[in-house]
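First the structure, in the form of C-alpha cells, and then the observations on it.
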Amino acid sequence: KKTGAKFSYLPYKSGGEAATQLVGSHTEANVNNPSENLEVWRAGQVRALCVFDKERISYTTKVTETQSWNDIPTCKEEGLDVQYLMLRAMFLPGKVSQEQQAFYVDLFQKISQTPEYRDYMEKQALKPIFLNGQEMLKFLEEDDALNKSLMTEAGFAAQ
Numbered sequence: 079k080k081t082g083a084k085f086s087y088l089p090y091k092s093g094g095e096a097a098t099q100l101v102g103s104h105t106e107a108n109v110n111n112p113s114e115n116l117e118v119w120r121a122g123q124v125r126a127l128c129v130f131d132k133e134r135i136s137y138t139t140k141v142t143e144t145q146s147w148n149d150i151p152t153c154k155e156e157g158l159d160v161q162y163l164m165l166r167a168m169f170l171p172g173k174v175s176q177e178q179q180a181f182y183v184d185l186f187q188k189i190s191q192t193p194e195y196r197d198y199m200e201k202q203a204l205k206p207i208f209l210n211g212q213e214m215l216k217f218l219e220e221d222d223a224l225n226k227s228l229m230t231e232a233g234f235a236a237q
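Residues in the sequence shown are numbered consecutively from 79, following this note's numbering.
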C-alpha cells in the first residue's frame, strides 16, 4: 500500500517451499522467516533485501561467506517504513492455576537463558523477547489489531 506495488498471497505448505518457488522463478519475491531462505541465500540463489523490524537482526556471526544476519538492512533503511514481528509464544490452557502458570513462566524464563536456547534463536534469526503477564497481553492486543487491519485491507478477513 505504501509503495503502490501489488502483491498476491500464495499459500505454501512451508517457508521452504516458498523459497524453492522463488529460486525456480515461479515467484518474484517472498516474505519468509529468515532461516527458511538461508540455504538458498548461502548458495547465492536469492538475496535478502530487508527485515521488517525497527532494528536490524542483532546476530553478527557470518551465515554466508560475506554476510551476517546483522548485515541485512531494515526495510525503513531501504526507504520502506514498515514493521512487523512474527509472534512466537507458548500458551497454556485457560483453566490452569496461578501456581501452574508461575511454574511455566519460571521454567521458560530459565530455558531462555540457556546456551542451547540462545544458539537456537541465533540459528533461526529470531528476536529473543521474553514477555508475560500484562506485557504479553498488551503485545497480543496490539498484534491482534495490526493483523486484523492487515488482513482486512488485503481482503483476507471474513466479513
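Glycine included, each C-beta is placed from N, C-alpha and C at the ideal position.
Range covered by the alpha helix (DSSP H) that runs through residue i
i, result
"T230", "G211 to A232"
"A96", "G93 to V101"
"Y90", "Note, Y90: premise wrong, no alpha helix (DSSP H); not H, not E."
"D149", "Element bounds for D149: n/a, residue is neither H nor E."
"Y198", "P193 to Q202"
"L116", "L116 to R120"
Nearest-angstrom Cβ-Cβ length linking residue i and residue j, presumed shorter than 8 Å
i, j, result
"C128", "P112", "At roughly 11 Å, the Cβ-Cβ gap does not stay under 8 Å, so C128 and P112 are not in contact."
"E219", "K79", "23 Å between Cβ atoms; not a contact."
"M214", "F186", "M214 to F186, Cβ: 11 Å. No contact."
Spatial distance of residue i from residue j (CA atoms)
i, j, result
"N148", "L228", "27 Å"
"L165", "K173", "23 Å"
"E194", "G122", "29 Å"
"S190", "A236", "37 Å"
"S103", "Q179", "47 Å"
"E106", "Y90", "15 Å"
"F85", "V109", "11 Å"
"S175", "D222", "25 Å"
Same chain only: Cβ atoms within 7 Å of residue i, ignoring 5 sequence neighbours per side
i, result
"N210", "V183"
"G94", "E114"
"V118", "A97, V101 and V124"
Cβ shell of residue i (< 6 Å), same chain only, five flanking positions each side left out
i, result
"E200", "Y137"
"R196", "none"
Nonlocal neighbours in the same chain, by C-beta distance under 8 Å from residue i, ignoring five residues either side
i, result
"L224", "Y162"
"D159", "K80 and C153"
"Y87", "A232 and F234"
Where residue i sits in the DSSP three-state scheme
i, result
"V129", "strand"
"K188", "helix"
Check: residue i C-beta below 7 Å from any heavy atom of the ligand NAP
i, result
"E220", "This structure simply doesn't include the ligand NAP, nor any ligand for that matter."
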